[in-house]
Amino acid sequence: MECLICKSKSEFFFSKKYEEEPFATFMKDIGSVDYYKCTNCGFTVSKTHGQLTTAQWEKLNFDFHDDQEKNIQLRQINQPPYLEQAMMVNILAANYIIDTSDMLDFAGGHGTLSNVLGKYFNINLPVYDPFMQNSERQIYVAKKNLKKYKVVINSAVFEHIITMNDLDQINNCVADDGCMILHTVVCENIPHDANWFYYAPPVHCAFHTNKSMEILMHRWNYTSSVYCVKSKCWVLFKKGAKVTDIEAKVDAINGEFQEKYLIYKEGFVDYWKGF
Ligand SMILES: [Zn+2]
698 MECLICKSKS EFFFSKKYEE EPFATFMKDI GSVDYYKCTN CGFTVSKTHG
748 QLTTAQWEKL NFDFHDDQEK NIQLRQINQP PYLEQAMMVN ILAANYIIDT
798 SDMLDFAGGH GTLSNVLGKY FNINLPVYDP FMQNSERQIY VAKKNLKKYK
848 VVINSAVFEH IITMNDLDQI NNCVADDGCM ILHTVVCENI PHDANWFYYA
898 PPVHCAFHTN KSMEILMHRW NYTSSVYCVK SKCWVLFKKG AKVTDIEAKV
948 DAINGEFQEK YLIYKEGFVD YWKGF
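Just so you know, we're using our numbering here: the sequence shown kicks off at 698 and counts up by one.
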């Protein structure tokens, strides 16, 4: 098959069968998952997920998220570090690296980050989520009202995409002078190991590499990035971003905190080199 990201040839990588409950039941009708890895950029995708019907995909997501909510203590799921993310947004804004007056949390689910930012940092973060369109809550943006934003956050979204269009939809919300804040796992090499933690949730179907992210940045016109180890977030800056001297600002922040809180690079910050 063809790589979603770079269009090079993707080859069969390995198959995984979900044997443990409750995932074995969720995946009973779908069967084992076939992963394909790109021969050029290493981006790895589940061909099986790409062939599900919309109804199957929605049911799998519903079963998974419903189970997680009911068993949050038991499953000890790996939730995004919401407090650290909120703290990072606040620090970037205080240093004029991002503009929080015009933000969106794309596929922000129940709005956890929005709640934390609002309550503790007095920062307004509207949320778009395709599955929360019927919510009465003020924080939600209807699909028809989506526009371009100076800052688009997406947390734990990139690993759930099935088509390039899913990714383009997120980027399409970022203004030409804006930035994208991204929380996911990005590796140098996607492991050939069915027990790798990131394959564990049966709703994870896309696995990004430093090289595939660099290709995406180039295609979408992002020129530089910052990585924050504590919030496990990248900030990708569009070519037209008006913020100047990002590198100098990052150095000043690190000096202020006496630690390497942020890392700056032209292109994609390939922090997770050894993985
Ligand atoms: Zn590729």
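C-beta: ideal position from N, C-alpha, C; glycine also.
Fair warning: this is a prediction, and the values are worked out from it, not measured in the lab.
For this session: Would you kindly work out how many angstroms separate the C-alpha atoms of Tyr-924 and Leu-933, rounded to a whole number?
Result: On the sequence shown, residue 924 is found 227 positions in, with the first residue counted as 1. On the sequence shown, residue 933 is found 236 positions in, with the first residue counted as 1. Cα to Cα, Tyr-924 sits roughly 9 Å from Leu-933.
Problem set entry | Contact belief for Val-854 with Leu-801 at Cβ below 8 Å, rounded distance in angstroms | The residue given as residue 854 occupies position 157 in the sequence shown. The residue given as residue 801 occupies position 104 in the sequence shown. About 12 Å separates the two Cβ atoms, so there is no contact after all.
For this session: Quick one: residues in its chain with C-beta nearer than 7 Å to the C-beta of Asn-792, no 5 flanking neighbours on either side, listed in chain order?
Result: The count along the sequence shown starts at 1 and reaches residue 792 at position 95. Around Asn-792: Lys-946, Ile-950.
Exercise. For the region 875 to 892 against the region 841 to 853, are there 3 or more C-beta pairs whose distance is under 8 Å?
Worked result: The region 875 to 892 is in contact with the region 841 to 853.
For this session: Give a yes or no on whether the C-beta atoms belonging to Phe-828 and Ile-867 are separated by under 7 Å.
Result: Residue numbering aside, residue 828 sits at position 131 when the sequence shown is read from its first letter. Residue numbering aside, residue 867 sits at position 170 when the sequence shown is read from its first letter. No. Outside cutoff.
Exercise. Thr-920 lies in the beta strand (DSSP E); which residues open and close that run?
Worked result: Position 223 of the sequence shown, counted from the start, is the residue given in the question as residue 920. 919 to 925 is the extent of the beta strand (DSSP E) around Thr-920.
Exercise. Shortest alpha-carbon distance to Phe-723 belongs to which of Tyr-895, Trp-754, Gly-964?
Worked result: By one-based count along the sequence shown, residue 723 stands at place 26. Trp-754 is the residue among Tyr-895, Trp-754, Gly-964 whose C-alpha sits nearest the C-alpha of Phe-723.
Exercise. Would the beta-carbon of Asn-886 be found less than 6 Å away from any heavy atom of ligand 1?
Worked result: The residue you call residue 886 lines up with position 189 of the sequence shown. Not under cutoff, so the answer is no.
Problem set entry | Cβ separation of Leu-757 and Val-966, assumed to be a contact under 8 Å, to the nearest whole Å | In the sequence shown, residue 757 corresponds to position 60, counting from 1. In the sequence shown, residue 966 corresponds to position 269, counting from 1. Their Cβ separation, rounded to whole angstroms, is 32 Å, which puts Leu-757 and Val-966 out of contact at 8 Å.
Problem set entry | Spatial distance of Glu-708 from Asn-886 (CA atoms) | The sequence position of residue 708 within the sequence shown is 11, counting from 1. The sequence position of residue 886 within the sequence shown is 189, counting from 1. Their Cα atoms are separated by approximately 15 Å.
For this session: Compute every distance between the C-beta of Cys-930 and the non-hydrogen atoms of ligand 1, then say whether any falls below 6 Å.
Result: In the sequence shown, counting from the first residue as 1, residue 930 sits at position 233. For ligand 1, not one heavy atom lies less than 6 Å from the Cβ of Cys-930.
Exercise. Would you say Ser-921 and Glu-963 are within 7 Å of each other, going by their C-beta atoms?
Worked result: The count along the sequence shown starts at 1 and reaches residue 921 at position 224. The count along the sequence shown starts at 1 and reaches residue 963 at position 266. Yes; because the gap between Cβ atoms is below 7 Å, this pair is in contact.
Problem set entry | CB-CB length for His-880 against Pro-777, believed under 8 Å | The count along the sequence shown starts at 1 and reaches residue 880 at position 183. The count along the sequence shown starts at 1 and reaches residue 777 at position 80. For a cut-off of 8 Å, the C-beta gap from His-880 to Pro-777 is around 5 Å, short enough to register as a contact.
Exercise. If you measure from each residue's Cβ to the nearest non-hydrogen atom of ligand 1, which ones come out under 6 Å, in chain order?
Worked result: Residues with their Cβ less than 6 Å from any non-hydrogen atom of ligand 1, running along the chain, are Cys-700, Ile-702, Cys-703, Ser-705, Cys-735, Asn-737, Cys-738, Phe-740, Ser-909.
Exercise. Met-785 lies in the alpha helix (DSSP H); which residues open and close that run?
Worked result: Counted from its first residue, the sequence shown places residue 785 at position 88. Bounds of the alpha helix (DSSP H) holding Met-785 are 779 to 791.
For this session: Spell out the partners DSSP gives Ser-743 in its beta bridges.
Result: As a first step, residue 743 must be located in the sequence shown, where it is residue number 46. Residue pairing by DSSP places Ser-743 opposite Tyr-732 in a beta bridge.
Exercise. What three-state label does DSSP hand Ile-960 in the structure shown?
Worked result: As a working note, residue 960 is residue 263 in the sequence shown. Strand.
Problem set entry | Straight-line Cα distance separating Tyr-732 from Lys-713 | Translated into the one-based positions of the sequence shown, residue 713 becomes position 16. Translated into the one-based positions of the sequence shown, residue 732 becomes position 35. Their Cα atoms are separated by approximately 8 Å.
Problem set entry | Ordered list of beta strand (DSSP E) runs contained in the region 829 to 873, each at least 3 residues | Correct list: 846 to 852.
For this session: Whole angstroms is fine: what's the gap from Gln-681's alpha carbon to Gln-955's?
Result: A question about residue 681 goes unanswered here, because the residues of the chain that appear run from 698 up to 972.
Problem set entry | CA nearest to the CA of Tyr-919, picked from Leu-959, Tyr-896, Lys-816, Lys-936 | As a first step, residue 919 must be located in the sequence shown, where it is residue number 222. With respect to the C-alpha of Tyr-919, the residue from Leu-959, Tyr-896, Lys-816, Lys-936 having the closest C-alpha is Lys-936.
Exercise. What span of residues does the alpha helix (DSSP H) with Leu-822 cover, start to end?
Worked result: Within the sequence shown, numbered from 1, the residue matching residue 822 stands at position 125. Following the DSSP letters along the chain, one finds Leu-822 in no alpha helix (DSSP H), marked with neither H nor E.
For this session: Specify the secondary structure class of Met-724 as computed by DSSP and reduced to three states.
Result: Taking the sequence shown and counting its residues from 1, one reaches residue 724 at position 27. In the three-state reduction of the DSSP assignment, Met-724 falls in the coil class, being assigned neither a helical nor a strand state.
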